[in-house]
Amino acid sequence: MSEYLPGLEGVPATKSNISFLDGKKGILTYRGYRIEELAEHSSFEETALLLLDGRLPTAEELACFDEDLRRNRRVRYNIREIMKYLPPTGHPMEMLQTAVASLGMFYPSDECLTGGDRCTDLNYIHNMSVKILARMATLVAMWEHLRNGYDPVAPRSDLTYAENFLYMLSGCEPDPLHARILDTCLVLHAEHTINASTFAALVAGSTLTSPYLVVAAAVGTLAGPLHGGANARVVEMLEETGGPDRVRPWLERRLAAKAKIWGFGHREYKVKDPRAIILQKLMERLMEHRGGRVSRLFETALALEAAAEEPLAAKGVYPNVDFYSGILYTEMGIPTDQFTAVFAVARCAGWLAHWCEQLADNRIFRPTQVYTGEDVRPYVPLEKRA
Ligand code: COA
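Here the sequence shown is numbered in my numbering, starting from 13 and rising by one per residue.
Printed below as a string of structure tokens:
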């Protein structure tokens, strides 16, 4: 019998050429390009196409992809009607999973995967990826208004993906620096090897279910606090500390109680997550732009990172991508419970790239288990049970 490794730690689940990470050196690349370079020079649209197609696009290819995304931003009226009936107190990730799964019901049946040629039809896969990716931001932004009793803000086709996302969320003309920061956040969150949600997407994809349901499976998996849900917990936790001066005693109490420090630790990284380093710099840039006028969250986060060095660094536990992203989103006016949904919008690019890769050489996932239950035993009729 093969050895059982909890959490499949160290077990390769697939072969992939989409992204690479070296957790000891703190290196992350998408299709061979370092995340630092992509954050500096690329856009979410370009990064998404890089992930989907495997190479940096030409100017013409990028313009065409961008145009396709812009044309596919609107969602059918029926989706809005479905969303209206969801309880406003429901979590945005539950809404997103429902809405993205529902999308598939309103589009023609030839958009379903039936196996055969479809699996290797790159045009089909590309078109489906565009349709879903373009609408993810619309769904998240629509919910923000619907749950507050307002009509959603219709998408605009004259704005970039990040600009339009901010515009739809707030209904106001987006601040250029905010849009640039959100764009970089989307790039940083777009892909991250075989994490839990991508694995869920692969498993779903391997059954040849529709891409809408592949993304729905991944959304549900990203929602948990050990994965994408951590970014919202970070902000709640920083508020709970009582501020930068009170962080140390708070941390001691927290660690003594063996509770998690949200936004710290990673299965792969044993150094500070390279994305956290970039996000921290973005926060510094935003602070500078505002002449230092930001909430105390950032100061508290810096104090917590310094205080956590001694107890956690020895275990290889450092800030991860979620530690600073939520603070940035807060500063941009994005509600805390929407952070994970913003993450999902970005990660959808990676999920779809992995879906494409899975279909190219598909075999249904069917792992084995180590059975720890009873041996075969006779059924006891109800009246004879003690
Ligand atoms: N706070 C405090 N201690 C932590 C920690 C955290 N966030 N993350 C890991 N540790 C400690 C564990 O308690 C364990 O200590 P021990 O050896 O004394 O028992 C050690 O570090 C190894 O942690 P483990 O839980 O085995 O690592 P993992 O690879 O199974 O888990 C995470 C990785 C991400 C699930 C984990 O670090 C975590 O829960 N982090 C908080 C949630 C989070 O931010 N998730 C977003 C990830 S991008």
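Every residue, glycine too, gets a C-beta built ideally from N, C-alpha and C.
- For D334, the shortest separation between its Cβ and any heavy atom of the ligand COA lies below 8 Å.
- When Y391, V382, D170, D387 are compared, the shortest CA-CA separation from P18 is found for V382.
- Taking the C-beta atoms as reference points, P104 is found nearer than 9 Å to A353.
- No residue range can be given for D170, since it is assigned to no beta strand (DSSP E) and is classified by DSSP as neither H nor E.
- Taking one beta carbon from each stretch, the region 293–305 and the region 237–250 have fewer than 3 pairs nearer than 8 Å; the two do not touch.
- The alpha-carbon separation between L198 and K36 amounts to approximately 24 Å.
- Contact check for A146 and L81: beta-carbon distance about 5 Å, within the 8 Å limit, so the pair qualifies.
- Between M148 and V215, the C-beta gap is not smaller than 9 Å, which leaves the two residues out of contact.
- Boundaries cannot be given for D133, as no alpha helix (DSSP H) includes it and DSSP labels it neither H nor E.
- The Cβ atoms of L291 and F335 lie closer than 9 Å to each other.
- Counting C-beta atoms within 10 angstroms of its own C-beta, R258 has fewer than 16 neighbours from the protein chains shown and is therefore classed as exposed.
- Taken through DSSP and simplified to helix, strand or coil, I39 comes out as strand.
- Taking all protein chains in view, the Cβ of V247 is crowded by 16 or more other Cβ atoms within 10 Å, so the residue is classified as buried.
- DSSP links F32 through a beta bridge to T41.
- Taken from the Cβ of P237, at least one heavy atom of the ligand COA lies inside 8 Å.
- Considering only T384, C360, E15, F310, the residue with the shortest C-alpha distance to H201 is C360.
- Under DSSP, F276 forms a beta bridge with P331.
- Selection L171, K282, M140, L181 evaluated against N160 yields L181 as nearest (Cα-Cα).
- Annotated three-state conformation of R192 is helix, per DSSP.
- Distances from the CA of L298 to each of P188, A268, Q350, L61 were compared; the closest alpha carbon is that of P188.
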